[in-house]
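Working notes, beginning with the structure itself.
Numbering (mature numbering (1 follows the signal peptide of the UniProt record, and there is no 0)), first residue to last: -15 to -1, 1 to 374.
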């Protein structure tokens, strides 16, 4: 393998390459001219989306303004028309993108009005504070994923046939929260991380069709006329928070011919924040454990008295995990879909246990909420606690 890589590198070094013509270099001057292009920006009636749609309008594009509130959509649409060099009237659409019929109407109206689609910017999203303890967690989780990820997939699905005709581009507005975890963003961080991966997968799939797909990850961005948090500004290397225009310029670059050889990329626009979060800990004092605590490490593989729940433990990796915990002395819970297999594995685990502890058996479907609740209740009823999940 190393020899093949070496040969490939030598071939590249010794090869003759034909660069683009000098006229292509000169075209860079006009690379931000979007005259004749059709740009659809979701969630463009406020905040970052508003900044993006305004810049594209200034750069000559026909734009589509979308949002949930009619008054806000109309207000931005009026401003966008005034900003347009040719006073182009934008298409307006008010609706909830978690509803399939709204997405279908949005794409259909765009094509009906302008005849094509060149740029799709998936900006719409929500950012509720979520943590594992809140009672309505799953409702909040579904809300975030429905708008921040599922709606994006559906929009792309509906748009691809039209983007193929224009060699168009898709730009996802993600977040540095998709790169760096945030404790109060249990739903938002995974959704944005999923969006980042969606970009990479689609770049592979749609590249041969002439469609580029990229992600822009904003950092802390002012979306209202308020004073920014000075503490945040202090740890951003460029010592200011972002503005919608900062994000919009990044989007315009990714949509432009300057980015014609860029796909599957993440463009982080955060003033360097994501790489400087360690600054929060500068000057902090940390006390290490005593040396006696280090000596206890030799005993840490004794799980006697511990209760361990391993989902999907009737086969494969889960079975191996639960076998080891049984050998190490733990009470274990064997779960799976097939009752016969669960019973057979439970019998094996009891034999492996140094104390011949009888496992709890639970046959379940993890797609059913009531099964999950029963698993937790039955475990605590049987053993009085859960130590490891």
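We put the beta carbon where it would ideally sit given N, CA and C, even for glycine. Note that this is a predicted model, so its numbers are computed, not measured.
For residue 341, which residues of its own chain have a beta-carbon under 7 angstroms away from its beta-carbon, when the five flanking residues on both sides are left out?
-> 335
Where does the unbroken beta strand (DSSP E) through residue 77 begin, and where does it stop?
-> 76 to 79
What is the DSSP secondary structure of residue 203, reduced to helix, strand or coil?
-> strand
For residue 350, does the three-state DSSP call read helix, strand or coil?
-> coil
Please report the Cβ distance between residue 249 and residue 295, rounded to the nearest whole angstrom; I am assuming they are in contact, meaning their Cβ atoms lie under 8 angstroms.
-> Between residue 295 and residue 249 the Cβ distance is about 36 angstroms, and since that is not below 8 angstroms, they are no contact.
Quick one: what does DSSP say residue 155 is sitting in, helix, strand or coil?
-> strand
In chain order, which beta strand (DSSP E) runs of at least 3 residues are fully inside the segment 24 to 57?
-> Within the segment 24 to 57, the complete beta strand (DSSP E) segments of 3 residues or longer fall at 47 to 52, listed in chain order.
Skipping 5 residues on each side, what residues in its chain have a beta carbon closer than 8 angstroms to that of residue 26?
-> 34, 37, 38, 41, 48, 49, 50, 51, 106, 108
Should the segment 80 to 89 be regarded as contacting the segment 55 to 70, the criterion being three or more beta carbon pairs within less than 8 angstroms?
-> no
contact_flag[the segment 316 to 327, the segment 290 to 307] where n(CB pairs < 8 angstroms) is 3 or more | yes
Same chain, Cβ closer than 7 angstroms to residue 226, five either side skipped, listed in chain order = 205, 206, 207, 213, 217, 218
Whose C-beta lies closer than 7 angstroms to the C-beta of residue 366 among residues of the same chain, with five residues either side of it excluded?
-> Apart from sequence neighbours up to five positions away, no residue of its chain approaches residue 366 with a beta-carbon distance below 7 angstroms.
Cα separation between residue 315 and residue 31?
-> 54 angstroms
Which value, in whole angstroms, describes the spacing of the CA atoms of residue 153 and residue 103?
-> 5 angstroms
Residue from 44, 166, 71 with nearest C-alpha to residue 398 = The shown model of the chain, from -15 to 374, leaves out residue 398, and the question about it has no answer.
Taking residue 129 as part of the alpha helix (DSSP H), name the residues at either end of that continuous run.
-> 122 to 130
Is residue 142 helix, strand or coil by DSSP?
-> helix
Indicate the three-state DSSP secondary structure (helix, strand or coil) for residue 321 in the structure shown.
-> strand
Opposite residue 227 in the DSSP bridges: which residues?
-> 206
Looking at the unbroken beta strand (DSSP E) that takes in residue 259, where does it start and where does it end?
-> No beta strand (DSSP E) holds residue 259; DSSP gives it neither H nor E.
What did DSSP end up calling residue 107 once you bin it into helix, strand or coil?
-> strand
Would you please state the rounded distance, in angstroms, between the beta carbons of residue 380 and residue 45? I believe it to be under 8 angstroms.
-> This structure leaves residue 380 out entirely; the chain is present only between -15 and 374.
Which of the three DSSP states, helix, strand or coil, is assigned to residue 3?
-> coil
Out of curiosity, what's the CA-to-CA distance linking residue 286 and residue 310?
-> One C-alpha to the other measures close to 9 angstroms.
Which first and last residues belong to the alpha helix (DSSP H) in which residue 73 is found?
-> From DSSP, residue 73 is part of no alpha helix (DSSP H); its letter is neither H nor E.
Among 330, 289, 291, 313, the one whose alpha carbon lies nearest that of residue 302 = 330
Check whether residue 155 and residue 202 have beta carbons under 9 angstroms apart = With respect to residue 202, residue 155 sits apart: the two C-beta atoms are not nearer than 9 angstroms.
Which residues in the same chain have their Cβ closer than 7 angstroms to the Cβ of residue 241, if we skip the five residues on either side of it in sequence?
-> 16, 17
Look up residue 198 in the DSSP assignment and say whether it is helix, strand or coil.
-> strand
Can you tell which of 292, 348, 72 has its C-alpha closest to the C-alpha of residue 372?
-> 292
For residue 254, the first and last residue of its enclosing beta strand (DSSP E) = 251 to 254
Taking Cβ positions, are residue 327 and residue 355 nearer each other than 9 angstroms?
-> no
Could you tell me if the beta carbon of residue 41 falls within a distance shorter than 8 angstroms of some heavy atom in the ligand FAD?
-> This structure lacks the ligand FAD, and indeed carries no ligand of any kind.
Can you tell me whether DSSP reads residue 236 as helix, strand or coil?
-> helix
In terms of residues, what are the limits of the alpha helix (DSSP H) holding residue 186?
-> 173 to 191
DSSP beta-bridge partners of residue 170 | 115
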